[in-house]
Amino acid sequence: MPAPAASPVTVEQLDPYRWRVPRTGGMRTDGLIFADAGLMHDLEGDQCVQQVVNVAHLPGIVGPSIAMPDIHWGYGFPIGGVAAFDEHEGVVSPGGVGYDINCGVRLLSTPLTLAEARPRLRELADTLYREIPSGVGASRSDVRLSPKELDAVSARAKQRGKDQLGTVGSGNHFVEVGYVAEVFDHAAATWLGLAPGTVTVFIHSGSRGLGYQVCDDYLDRMVRAADRYGIALPDKQLCCAPLTSREAQQY
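Numbering-wise (numbering that gives the first Met the number 0), the sequence shown opens with residue 0 and increments by one.
Structure below.
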(Lines of atoms letter the chains of each structure in order from A and count residues from 1; the text may use other names and numbers.)
(Lines give C-alpha, C1' and ligand atoms only; values in the text may rest on other atoms or scores of the structure.)
Protein backbone atom coordinates (compact mmCIF):
# COMPACT_ATOMS: atom_id res chain seq x y z
CA MET A 1 0.00 0.00 0.00
CA PRO A 2 1.18 3.57 -0.61
CA ALA A 3 2.85 5.38 2.27
CA PRO A 4 0.70 7.94 4.12
CA ALA A 5 0.40 11.31 2.43
CA ALA A 6 3.06 13.78 3.56
CA SER A 7 3.26 17.58 3.56
CA PRO A 8 4.13 19.13 0.19
CA VAL A 9 7.86 18.97 -0.50
CA THR A 10 9.68 22.26 -1.10
CA VAL A 11 11.78 22.17 -4.28
CA GLU A 12 14.16 24.92 -5.38
CA GLN A 13 15.50 25.20 -8.94
CA LEU A 14 19.31 25.47 -9.11
CA ASP A 15 19.70 25.54 -12.91
CA PRO A 16 17.79 24.17 -15.94
CA TYR A 17 18.45 20.54 -14.93
CA ARG A 18 19.00 20.47 -11.16
CA TRP A 19 16.48 20.92 -8.34
CA ARG A 20 17.29 21.05 -4.62
CA VAL A 21 15.07 19.72 -1.86
CA PRO A 22 16.27 21.72 1.18
CA ARG A 23 17.15 19.87 4.36
CA THR A 24 14.32 20.08 6.90
CA GLY A 25 13.14 18.16 9.94
CA GLY A 26 14.94 14.85 10.34
CA MET A 27 16.74 15.07 7.00
CA ARG A 28 20.51 14.65 7.37
CA THR A 29 21.22 16.20 3.97
CA ASP A 30 19.55 17.91 1.00
CA GLY A 31 17.78 16.15 -1.82
CA LEU A 32 18.95 16.70 -5.41
CA ILE A 33 16.83 15.87 -8.45
CA PHE A 34 18.15 15.89 -12.02
CA ALA A 35 15.28 16.82 -14.33
CA ASP A 36 14.06 19.47 -16.73
CA ALA A 37 11.13 21.78 -16.06
CA GLY A 38 8.66 19.55 -17.90
CA LEU A 39 9.56 16.48 -15.87
CA MET A 40 9.43 18.41 -12.59
CA HIS A 41 5.96 19.63 -13.51
CA ASP A 42 4.88 16.02 -14.05
CA LEU A 43 6.40 15.04 -10.68
CA GLU A 44 4.49 17.68 -8.73
CA GLY A 45 2.81 15.92 -5.80
CA ASP A 46 4.28 12.54 -6.78
CA GLN A 47 5.22 10.22 -3.91
CA CYS A 48 8.67 9.62 -5.44
CA VAL A 49 9.73 13.15 -4.49
CA GLN A 50 8.79 12.42 -0.88
CA GLN A 51 10.92 9.29 -1.15
CA VAL A 52 13.93 11.47 -2.01
CA VAL A 53 13.26 13.27 1.28
CA ASN A 54 12.85 10.00 3.18
CA VAL A 55 16.18 8.62 1.99
CA ALA A 56 17.89 11.78 3.28
CA HIS A 57 16.90 10.66 6.82
CA LEU A 58 19.08 7.53 6.77
CA PRO A 59 22.16 7.38 9.04
CA GLY A 60 25.57 7.87 7.46
CA ILE A 61 24.35 9.26 4.15
CA VAL A 62 27.16 11.11 2.36
CA GLY A 63 26.25 13.98 0.04
CA PRO A 64 22.70 14.59 -1.13
CA SER A 65 19.88 12.11 -1.60
CA ILE A 66 19.89 12.06 -5.41
CA ALA A 67 17.25 11.21 -8.00
CA MET A 68 18.07 10.75 -11.68
CA PRO A 69 15.77 11.68 -14.61
CA ASP A 70 14.14 8.22 -14.60
CA ILE A 71 12.72 8.92 -11.12
CA HIS A 72 9.45 7.20 -10.24
CA TRP A 73 7.82 5.69 -7.19
CA GLY A 74 9.76 2.75 -5.80
CA TYR A 75 10.10 0.65 -2.65
CA GLY A 76 11.39 2.98 0.07
CA PHE A 77 13.85 4.57 -2.33
CA PRO A 78 12.53 6.09 -5.54
CA ILE A 79 13.41 4.20 -8.69
CA GLY A 80 16.31 6.20 -10.09
CA GLY A 81 17.39 7.12 -6.56
CA VAL A 82 21.10 7.26 -5.69
CA ALA A 83 22.60 7.50 -2.21
CA ALA A 84 26.12 6.94 -0.88
CA PHE A 85 26.81 5.89 2.71
CA ASP A 86 29.84 6.13 4.96
CA GLU A 87 31.46 2.71 5.40
CA HIS A 88 31.63 3.10 9.18
CA GLU A 89 28.46 5.03 10.05
CA GLY A 90 26.22 4.18 7.10
CA VAL A 91 23.53 1.56 6.57
CA VAL A 92 22.39 -0.89 3.91
CA SER A 93 18.71 -1.11 2.97
CA PRO A 94 17.44 -4.06 0.89
CA GLY A 95 14.69 -1.88 -0.52
CA GLY A 96 17.29 0.67 -1.55
CA VAL A 97 19.46 -1.91 -3.25
CA GLY A 98 16.24 -3.14 -4.79
CA TYR A 99 14.44 -6.31 -5.77
CA ASP A 100 16.51 -6.56 -8.94
CA ILE A 101 19.95 -6.59 -7.29
CA ASN A 102 22.74 -5.18 -9.46
CA CYS A 103 20.19 -3.98 -11.99
CA GLY A 104 21.70 -1.32 -14.19
CA VAL A 105 22.61 -0.19 -17.66
CA ARG A 106 25.85 -0.05 -19.60
CA LEU A 107 26.60 1.56 -22.93
CA LEU A 108 29.19 -0.19 -25.09
CA SER A 109 30.80 1.45 -28.09
CA THR A 110 31.58 -0.63 -31.18
CA PRO A 111 34.06 -0.18 -34.05
CA LEU A 112 31.09 -0.05 -36.45
CA THR A 113 29.61 3.05 -38.02
CA LEU A 114 25.95 3.62 -38.78
CA ALA A 115 26.71 3.54 -42.51
CA GLU A 116 28.26 0.06 -42.14
CA ALA A 117 25.49 -1.34 -39.95
CA ARG A 118 22.34 0.07 -41.59
CA PRO A 119 22.28 -2.30 -44.62
CA ARG A 120 22.51 -5.35 -42.30
CA LEU A 121 20.15 -4.39 -39.45
CA ARG A 122 17.84 -7.38 -39.92
CA GLU A 123 20.79 -9.79 -39.88
CA LEU A 124 22.19 -8.02 -36.80
CA ALA A 125 18.88 -8.26 -34.92
CA ASP A 126 18.50 -11.95 -35.77
CA THR A 127 22.06 -12.68 -34.61
CA LEU A 128 21.61 -10.83 -31.31
CA TYR A 129 18.35 -12.68 -30.66
CA ARG A 130 20.00 -16.02 -31.38
CA GLU A 131 23.18 -15.44 -29.37
CA ILE A 132 21.88 -13.62 -26.27
CA PRO A 133 19.74 -15.70 -23.87
CA SER A 134 16.79 -13.69 -22.57
CA GLY A 135 13.34 -13.99 -21.08
CA VAL A 136 11.75 -16.09 -18.35
CA GLY A 137 13.13 -19.61 -18.27
CA ALA A 138 16.02 -18.82 -20.61
CA SER A 139 18.52 -21.60 -19.95
CA ARG A 140 20.79 -21.47 -22.97
CA SER A 141 23.59 -19.66 -21.18
CA ASP A 142 26.84 -21.54 -20.68
CA VAL A 143 27.47 -19.67 -17.41
CA ARG A 144 26.89 -21.83 -14.34
CA LEU A 145 27.66 -21.65 -10.63
CA SER A 146 27.88 -24.67 -8.36
CA PRO A 147 25.59 -24.94 -5.30
CA LYS A 148 28.67 -24.34 -3.13
CA GLU A 149 29.25 -20.97 -4.82
CA LEU A 150 25.65 -19.97 -4.10
CA ASP A 151 25.42 -21.23 -0.51
CA ALA A 152 25.25 -17.69 0.88
CA VAL A 153 21.64 -17.31 -0.34
CA SER A 154 18.43 -19.19 0.33
CA ALA A 155 17.40 -22.31 -1.57
CA ARG A 156 14.47 -20.43 -3.04
CA ALA A 157 16.75 -17.65 -4.30
CA LYS A 158 19.05 -20.22 -5.89
CA GLN A 159 16.13 -21.95 -7.56
CA ARG A 160 14.76 -18.69 -8.95
CA GLY A 161 18.11 -17.45 -10.20
CA LYS A 162 19.93 -20.47 -11.57
CA ASP A 163 18.35 -20.55 -15.02
CA GLN A 164 18.80 -16.83 -15.63
CA LEU A 165 22.51 -16.69 -14.82
CA GLY A 166 24.38 -15.38 -17.85
CA THR A 167 21.22 -14.15 -19.59
CA VAL A 168 19.77 -10.70 -20.11
CA GLY A 169 16.91 -11.76 -17.87
CA SER A 170 13.23 -10.97 -18.14
CA GLY A 171 10.84 -8.10 -17.51
CA ASN A 172 12.10 -4.76 -18.83
CA HIS A 173 15.68 -5.92 -19.43
CA PHE A 174 16.91 -5.37 -22.96
CA VAL A 175 19.78 -5.07 -25.42
CA GLU A 176 19.37 -2.04 -27.66
CA VAL A 177 21.48 -1.19 -30.70
CA GLY A 178 21.77 2.54 -31.36
CA TYR A 179 24.17 5.16 -32.62
CA VAL A 180 25.62 8.52 -31.60
CA ALA A 181 23.49 11.18 -33.28
CA GLU A 182 24.98 14.25 -31.63
CA VAL A 183 27.91 15.09 -29.33
CA PHE A 184 27.63 17.71 -26.59
CA ASP A 185 30.90 17.13 -24.71
CA HIS A 186 33.59 16.49 -27.32
CA ALA A 187 36.38 15.75 -24.84
CA ALA A 188 34.33 13.11 -23.02
CA ALA A 189 33.03 11.61 -26.27
CA THR A 190 36.56 11.28 -27.66
CA TRP A 191 37.78 9.62 -24.46
CA LEU A 192 34.88 7.14 -24.59
CA GLY A 193 35.20 6.45 -28.32
CA LEU A 194 31.76 7.90 -29.10
CA ALA A 195 32.15 9.86 -32.31
CA PRO A 196 29.04 10.86 -34.32
CA GLY A 197 27.77 7.85 -36.24
CA THR A 198 29.35 5.29 -33.88
CA VAL A 199 27.13 2.25 -33.37
CA THR A 200 26.48 1.50 -29.68
CA VAL A 201 24.96 -1.32 -27.66
CA PHE A 202 22.88 -0.32 -24.63
CA ILE A 203 22.43 -3.19 -22.14
CA HIS A 204 19.94 -3.23 -19.26
CA SER A 205 20.12 -6.28 -17.01
CA GLY A 206 20.07 -7.44 -13.40
CA SER A 207 19.40 -10.39 -11.14
CA ARG A 208 15.59 -10.59 -11.31
CA GLY A 209 14.54 -13.92 -9.74
CA LEU A 210 17.52 -14.31 -7.42
CA GLY A 211 17.58 -10.62 -6.52
CA TYR A 212 13.89 -10.49 -5.75
CA GLN A 213 14.11 -13.47 -3.43
CA VAL A 214 17.23 -12.22 -1.61
CA CYS A 215 15.50 -8.88 -0.97
CA ASP A 216 12.34 -10.61 0.18
CA ASP A 217 14.32 -12.91 2.49
CA TYR A 218 15.88 -9.95 4.33
CA LEU A 219 13.10 -7.36 4.65
CA ASP A 220 11.66 -8.71 7.91
CA ARG A 221 15.15 -9.12 9.37
CA MET A 222 16.02 -5.54 8.50
CA VAL A 223 12.80 -4.20 10.07
CA ARG A 224 13.80 -5.88 13.33
CA ALA A 225 17.43 -4.72 12.93
CA ALA A 226 16.41 -1.09 12.47
CA ASP A 227 14.43 -1.28 15.69
CA ARG A 228 17.27 -3.05 17.50
CA TYR A 229 19.83 -0.41 16.50
CA GLY A 230 17.50 2.50 17.22
CA ILE A 231 17.22 3.73 13.62
CA ALA A 232 14.21 6.01 13.18
CA LEU A 233 12.61 5.41 9.79
CA PRO A 234 10.26 7.85 8.02
CA ASP A 235 9.02 4.86 6.01
CA LYS A 236 9.12 1.20 7.06
CA GLN A 237 10.13 0.28 3.52
CA LEU A 238 13.51 1.91 4.26
CA CYS A 239 14.28 -0.80 6.84
CA CYS A 240 18.03 -1.12 7.17
CA ALA A 241 20.96 -2.11 9.35
CA PRO A 242 24.36 -0.52 10.05
CA LEU A 243 26.94 -1.66 7.51
CA THR A 244 29.10 -3.01 10.32
CA SER A 245 26.28 -5.10 11.83
CA ARG A 246 25.85 -8.87 11.56
CA GLU A 247 22.60 -8.44 9.61
CA ALA A 248 24.19 -6.15 7.05
CA GLN A 249 27.19 -8.44 6.58
CA GLN A 250 24.92 -11.44 6.07
CA TYR A 251 22.89 -9.51 3.51
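By construction, the Cβ of each residue, glycine as well, lies at the ideal position given by its N, Cα and C atoms.
* Does the count of Cβ pairs from the region 226 to 235 and the region 197 to 214 closer than 8 Å reach three? -> no
* Asked: Are P11 and R19 closer than 8 Å when you measure CB to CB?
  -> Note that residue 11 corresponds to Glu in the displayed sequence, not to Pro. Yes; because the gap between Cβ atoms is below 8 Å, this pair is in contact.
* Asked: Y228 lies in the alpha helix (DSSP H); which residues open and close that run?
  -> Counting along the chain, Y228 falls outside any alpha helix (DSSP H), and DSSP gives it neither H nor E.
* How is E122 classed by DSSP in three states: helix, strand or coil? -> helix
* Strand pairing of D14, partner residues [DSSP] -> R17
* Do G79 and Q236 have their C-beta atoms closer together than 8 Å? -> no
* To do: Would you mind listing the alpha helix (DSSP H) stretches within the region 152 to 194 that are 4+ residues and don't spill past its ends, in chain order?
  => 154 to 160, 185 to 191
* **Through-space distance from G30 to P15, alpha-carbon basis** => 16 Å
* Terminal residues of the beta strand (DSSP E) in which D69 lies -> 60 to 71
* Around the Cβ of D271, are there at least 16 other Cβ atoms within 10 angstroms (buried) or fewer (exposed)? -> The structure shown does not extend to residue 271, since the chain is modelled only from 0 through 250, so no value can be given for it.
* Asked: DSSP state of R105, grouped into three classes?
  -> strand
* Asked: Are the region 103 to 111 and the region 76 to 92 in contact at 8 Å, needing three or more beta carbon pairs?
  -> no
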